[in-house]
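**Student:** Every position in the sequence shown, counted from 1, becomes a number in this note's numbering once 361 is added. Backbone N, C-alpha and C fix where the C-beta goes; we use that ideal spot for every residue, glycine too. My questions all concern the structure below.
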Amino acid sequence: MPGERDMMTAATDQVRAGATPASLQLPGIVLGVGLGGFVDGILLHQLLQWHHMLSSTDTDNIGVKYYNPHTVSGLQMNTVWDGLFHVVCWLSVLIGLAILYSRVTHRRRRVWTSRVLWGWILAGWGLFNLVEGLLDHQILGIHHVRTGPHQLWWDIGFLVLGAVLLLVGYLVQRSGTPFDPEPDGARDRPRSA
């Protein structure tokens with residue numbers, strides 16, 4: 362019946378008109394966690410050679426065997442654990458990209474210029490710093506940003522950086538316009554039944 366079809370099309374158009382754009386929050390945060398982990402691992406673990414995964418197990422809170430990063434065997438074990446950490450970061454980036462790809466089906470090039478996506482990525486990086494800093498540095502005590510006499514200040518700085526990244530990321534995403542993955546004019550075109 363033509364009348365029913367017109368009513369169904371009108372109802373569908375109303376629902377679509379009120380629908381919110383695909384959320385970039387989850388893929389942005391997951392990407393931010395992975396990318397923040399890579400910055401941490403590459404800069405602090407590898408280039409500065411400070412922040413190895415098991416470098417403070419001589420004073421940890423859970424009784425993990427100590428692997429002195431200043432010996433060959435200790436550095437080898439810390440490097441293995443740093444590598445496992447990088448695998449988790451890599452998987453986080455892949456999962457974030459997969460979620461983003463599943464949510465954004467059109468205009469994919471435009472999503473990379475979205476303040477909303479980049480804000481959530483910064484927020485994810487900040488979230489990574491806060492969780493990793495609280496869990497590994499404070500609760501478990503398996504490593505610190507930089508061990509030594511001022512390690513608490515380095516750890517606090519890491520947490521403050523995480524909080525700043527989280528706040529700035531939140532503000533950046535709020536200043537952006539929601540990304541609409543529909544192609545131009547898709548909402549204006551009537552759908553065929």
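1) Kindly indicate which residue of Gly398, Gly395, Thr420, Ser434 has the alpha-carbon position closest to the one of His505.
2) If I measure Cβ to Cβ from Val533 and keep anything under 7 Å in the same chain, skipping five residues before and after, which residues do I get?
3) DSSP three-state label for Asp419, please.
4) Based on Cα-Cα distance, which residue from Gly457, Pro539, His447 lies nearest to Ile390?
5) When the Cα of Leu488 is compared with those of Val394, Ser384, Trp514, Ser536, which residue comes out closest?
6) Contact check, Gly397 vs Trp486 under 8 Å by CB: the rounded distance?
7) How would you write the range of the alpha helix (DSSP H) that Thr440 sits in, first residue to last?
8) I need the straight-line Cα distance from Gly530 to Gln386, nearest angstrom please.
9) Along the chain, where does the alpha helix (DSSP H) that runs through Trp514 open and close?
10) Here's a check: name, in chain order, each residue in its chain whose Cβ is nearer than 7 Å to the Cβ of Ser536, leaving out the five neighbours to either side.
11) Is it true that the region 516-526 meets the region 462-469, where meeting means three or more beta-carbon pairs spaced less than 8 Å apart?
12) Quick check: the Cα distance between Leu526 and Leu461, rounded to an integer number of angstroms?
13) Taking C-alpha atoms, which residue in Trp451, His413, Thr418 lies nearest to Leu392?
14) How would you write the range of the alpha helix (DSSP H) that Ile390 sits in, first residue to last?
15) Leaving aside the five residues before and after Thr508 along the sequence, list all residues of the same chain whose C-beta is less than 7 Å from its C-beta, in chain order.
16) Is it buried or exposed, Pro388, if we count other Cβ atoms within 10 angstroms and call 16 or more buried?
17) Give the range of the alpha helix (DSSP H) segment to which Leu491 is assigned.
18) Under DSSP, the alpha helix (DSSP H) around Val472 begins and ends at which residues?
19) Give the straight-line distance between the Cα atoms of Tyr427 and Leu528, rounded to the nearest whole angstrom.
20) What do you get for Leu404, buried or exposed, if any count of 16 or more other CB atoms within 10 angstroms of its CB means buried?
21) Using the C-alpha atoms, what's the distance from Leu436 back to Leu520?
**Tutor:** The short version:
1) To locate residue 505, count along the sequence shown from 1; it is residue 144. Cα-wise, what sits closest to His505 is Thr420.
2) Your numbering for residue 533 matches position 172 in the sequence shown. For Val533, where only same-chain residues beyond five positions count, the Cβ hits under 7 Å are Arg476, Trp479, Gly480, Leu483.
3) Against the sequence shown, residue 419 aligns to sequence position 58. The answer is coil: DSSP assigns Asp419 none of H, G, I, E or B.
4) Locating residue 390 in the sequence shown gives position 29, where the first residue counts as 1. Of the candidates Gly457, Pro539, His447, the one whose C-alpha sits nearest the C-alpha of Ile390 is Gly457.
5) Locating residue 488 in the sequence shown gives position 127, counting from the first residue. For the residues Val394, Ser384, Trp514, Ser536, the minimum Cα distance to Leu488 belongs to Val394.
6) Against the sequence shown, residue 397 aligns to sequence position 36. Against the sequence shown, residue 486 aligns to sequence position 125. The pair is a contact, with the Cβ atoms about 3 Å apart (cut-off 8 Å).
7) Against the sequence shown, residue 440 aligns to sequence position 79. Note, Thr440: alpha helix (DSSP H), 433-464.
8) Walking along the sequence shown from the start, residue 530 turns up at place 169. Walking along the sequence shown from the start, residue 386 turns up at place 25. A straight-line Cα-Cα distance of about 11 Å links Gly530 and Gln386.
9) Taking the sequence shown and counting its residues from 1, one reaches residue 514 at position 153. Unbroken alpha helix (DSSP H) run through Trp514: 512-536.
10) Position 175 of the sequence shown, counting from 1, holds the residue named residue 536. Only Arg476 meet the Cβ criterion.
11) no
12) Counted from its first residue, the sequence shown places residue 526 at position 165. Counted from its first residue, the sequence shown places residue 461 at position 100. Leu526 and Leu461: Cα-Cα distance of roughly 21 Å.
13) Translated into positions along the sequence shown, residue 392 becomes position 31. Taking only the C-alpha atoms, the option nearest Leu392 is Trp451.
14) Taking the sequence shown and counting its residues from 1, one reaches residue 390 at position 29. First-last of the alpha helix (DSSP H) with Ile390: 386-400.
15) Position 147 of the sequence shown, counting from 1, holds the residue named residue 508. If we look at Thr508 and ignore the five residues flanking it on each side, its Cβ neighbours are Ser416, Ser417.
16) For this step, residue 388 is matched to residue 27 along the sequence shown. Result: buried.
17) Walking along the sequence shown from the start, residue 491 turns up at place 130. Where Leu491 is concerned, the enclosing alpha helix (DSSP H) stretches over 476-493.
18) Your numbering for residue 472 matches position 111 in the sequence shown. Start and end: 469-472.
19) To locate residue 427, count along the sequence shown from 1; it is residue 66. To locate residue 528, count along the sequence shown from 1; it is residue 167. Spanning the two alpha carbons is a distance of roughly 36 Å.
20) Your numbering for residue 404 matches position 43 in the sequence shown. So Leu404 counts as exposed.
21) Here residue 520 is taken as the residue at index 159 of the sequence shown, counted from 1. Here residue 436 is taken as the residue at index 75 of the sequence shown, counted from 1. Leu520 and Leu436: Cα-Cα distance of roughly 26 Å.
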